[in-house]
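Notes to accompany the following structure.
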Amino acid sequence: MTSKIYRSREALGKLGEAVLAQWAYDVGYVLNGSVDDRAGWDGVMESPPEAAGDAEPGFGHRDTFPFRARIQVKATDKTTGRVSKVNLSNWIRLAEAPEPAFFLVLEMGGQGVPEAAYLVHVDEDIIRSVLRQQRENEVGPQTLLHKINLPLVYKNAPRVEPLSGRGLLDAVDAVVDAAPCDYFAWKHTVKTTAGFEHGHAVAELTAPPGTHPLVQMAELEVGLRSEVPFLHADLFPLRFGLQDGTPSLSIPGGSLVGPPPVASDSAEVVLSAPSLGREASARADLYVSPSATVALPPDADTPAGESADLDESARVPLRVRLRAQHVSVTFRAEDQRFDLTFNPPGPDERVPIRGLKEMIAFVAMGVAAREANAPVEIAIHTDRGGSMSSGLVQCTIKDLDPEHLPTVESLVKGLWRIAQAHSVEDRLLASLEEITAQGQIISVLDQIADGSAQGEVEMRTSYPTDEAFQKSDPTGLLFAYVSGISLGDWHLISVVQFGRVVVERAGKRKRSLRIPIDAPRILHRHTRRPGTPAPDFFDLGRAAAYAAGEPILLAEQPHVHIVAPDGTVDPGSRPTA
């Protein structure tokens, strides 16, 4: 008579429990298992108390048990590489357990001992999948969790080799190498953040009449407005993109206030008038509306505002904003329009001179284009390689008074060049009042630096003795004087050269001098930074004479001095006019 083996799922379960218990016993570990298998048999496997001495001491004895894991055994006589039915309640229990959790799959092959064993770690991917399945059940037609089954696929899981307690420990160590407290913290983070990557709730707002709420949201996201009003709001919990059917909170009315906008990139903004051969540029921060977008017509011609970043998508941000210090460019996707606005500082407001230069250059460009009725183009080039362009459009600048623009533009450009020569262009702050008050000095220094200064200077000198008069003959010497610009605690000092001294008349201890400005240049520059002492006058003169390579006549009211390249200085003479 031939006898067959008949093994039920329950019998296989008991065999699996016995195998795990034997393996734990073989390595001296403690196994606390379920008394009943109705919910899926779990065993919590721990190293014995005496193993605590093997762990490195930590704060609060956090690693008293160096090893602790929850293991659910699945025994099967099949070799398909999957267990078709593991109910969701089992999955959730392992996903939510704080300690490392595993499925131990034993392929028995009809025998009393396993022929192969696989260890499936309930890792982040599995935890997220289980929690998503749970969320789908919460928001959809609800089913008892133990009646929802998910397959356990183990064919690619690590094998337990050898088939023993030692092999099991090695398999666990291969996937979990963190200290228990660190693993618990990691798993807690995964459980509590999974599915909330896009927020914890969806707000449905009833907007008042007026500007479309999507436009308002886009403007909030790029910093064009500080709040979005609403008449009523309902908040629906959200996880894994799945929204509850009923709100958890209703608000009768108020305003939605967002966090300060965060720039997504930096860019160069260029305003040009090709027909005038002029352009202005500024560095700006790029802001886009991530949640408010608009679809472009698929059959439209290449639109103004086409972006290299957005060619692969039929949707573009509803608002794109480029914000420099005093210049702002906004792209309106719904009508493919670019708006150029200015935020000028107050007359006595001290601001970085780079921002002033950029703003005034943009204003000057706009004014020139408006007066010539010339079209302009706004081009944007991001640091990451994206680009946008308005195409040629007419420029409209509101509330702009260009009356004093040429003077201010010239002074700011001159100050910028002077600051560049001192290598402090990105550190200086100035107000328009400071710049205009020192406008003559700025203009002269700028003209001397580029060699365009013209004119002449006349002065008369007198000397206390005949000896001093004879010794201090300035005929043919280069004439130089010390000048400077003061911006707050910064002082930009220059020793400037005009030309060679011509003696017009000489009398008893007196001379009349004429200095043509025919060889203007800067002989020496000195930057007096905040908190540093004023430089010595003669040190400046010596540096200037060394740069000139010959003696110079250096003016210091009310004296003039002959300073030689070797540093020697004559006793000095006194100008009388």
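The opening residue of the sequence shown carries number 1342 in my numbering; numbering runs sequentially from there.
Think of the CB as a built atom: it goes at the ideal place given N, C-alpha and C, for glycine as much as any other residue.
Nothing here was measured: the structure is a model prediction, and the numbers come from that model.
Asked, Found
"Please state the DSSP three-state secondary structure of S1622.", "strand"
"With respect to 7 Å, is the separation between the Cβ of A1905 and the closest non-hydrogen atom of the ligand NAD below this value?", "Although the ligand NAD was asked about, the structure shown includes no ligands whatsoever."
"Three-state secondary structure (DSSP) at H1553?", "coil"
"List the endpoints of the continuous alpha helix (DSSP H) containing L1920.", "This structure leaves residue 1920 out entirely; the chain is present only between 1342 and 1918."
"Could you pull the start and end residues of the beta strand (DSSP E) that Y1822 belongs to?", "L1819 to L1828"
"Flag this pair as yes or no: are the beta carbons of L1429 and Q1475 separated by less than 8 Å?", "yes"
"If you pair each beta-carbon of the segment 1616-1626 with each one of the segment 1554-1572, do three or more pairs fall below 8 Å?", "no"
"Any idea if W1527 is buried or exposed, counting beta-carbon neighbours within 10 angstroms, 16 or more meaning buried?", "exposed"
"Where A1559 and S1613 are concerned, what is the direct C-alpha to C-alpha distance, given to the nearest angstrom?", "27 Å"
"Whole angstroms are fine: how far does the CA of I1433 sit from the CA of P1549?", "44 Å"
"Would you please state the rounded distance, in angstroms, between the beta carbons of L1659 and T1682? I believe it to be under 8 Å.", "Rounded, the Cβ-Cβ distance is 18 Å, inconsistent with contact."
"In angstroms, rounded to a whole number, what distance separates the CA positions of R1469 and P1685?", "51 Å"
"Between which two residues does the beta strand (DSSP E) containing H1867 stretch?", "R1862 to R1869"
"Please give me, in chain order, every unbroken run of the beta strand (DSSP E) with length at least 3 that falls completely inside the segment 1685-1736.", "1718-1723 and 1728-1730"
"Once the 5 residues before and after V1563 are set aside, which same chain residues still bring their CB inside 6 Å of it?", "P1602, Y1628, S1630, R1660 and R1662"
"Using DSSP bridges, identify the partner residues of L1617.", "None; L1617 has no bridge partner."
"Check whether the segment 1857-1874 touches the segment 1884-1896, counting contact only when three or more Cβ pairs, one atom from each stretch, lie closer than 8 Å.", "yes"
"In or out: H1920 buried (at least 16 other Cβ within 10 Å) or exposed?", "The first residue shown for the chain is 1342 and the last is 1918, placing residue 1920 beyond what the model contains."
"Counting along the chain, where does the alpha helix (DSSP H) carrying L1445 start and finish?", "That residue, L1445, is in no alpha helix (DSSP H); its beta strand (DSSP E) goes A1442 to E1448."
"On the CB-based measure, 16 or more other CB atoms within 10 Å of its CB, does Y1822 come out buried or exposed?", "buried"
"Can you grab the Cα-Cα spacing for the pair Q1413 / A1362, in whole Å?", "12 Å"
"Applying the 10 Å Cβ sphere with the 16-neighbour rule, what's the burial state of Y1804?", "buried"
"Return yes when the Cβ of F1444 is within less than 8 Å of the Cβ of V1471, no when it is not.", "no"
"So, for A1794: in the same chain, excluding its five sequence neighbours on each side, which residues have a beta-carbon less than 7 Å away from its beta-carbon?", "V1785, Q1788, I1858 and P1861"
"Across which residues does DSSP place I1903 in a beta bridge pair?", "L1894"
"Go ahead and pull the three-state DSSP assignment for F1839.", "strand"
"Give the secondary structure of E1808 by DSSP, where H, G and I count as helix, E and B as strand, and everything else as coil.", "helix"
"Determine the DSSP secondary structure at V1513, reduced to helix, strand or coil.", "helix"
"From L1509 to I1489, what does the alpha carbon distance come to, in whole angstroms?", "30 Å"
"Cβ of D1575 within 8 Å of Cβ of A1604?", "no"
"Does the beta-carbon of D1431 have 16 or more other beta-carbons within 10 angstroms, so that it is buried, or is it exposed?", "What sits at residue 1431 in the sequence shown is Asn, not Asp. Flag for N1431 reads buried."
"Taking three-plus beta-carbon pairs below 8 Å as touching, is the segment 1752-1767 in contact with the segment 1721-1732?", "no"
"For R1664, which residues of its own chain have a beta-carbon under 6 Å away from its beta-carbon, when the five flanking residues on both sides are left out?", "A1625 and D1626"
"Going by DSSP in three states, Y1370 sits in which element: helix, strand or coil?", "coil"
"E1479 by DSSP, collapsed to three states: which one?", "helix"
"Rounded to a whole number of angstroms, what is the C-alpha to C-alpha distance between A1535 and F1581?", "8 Å"
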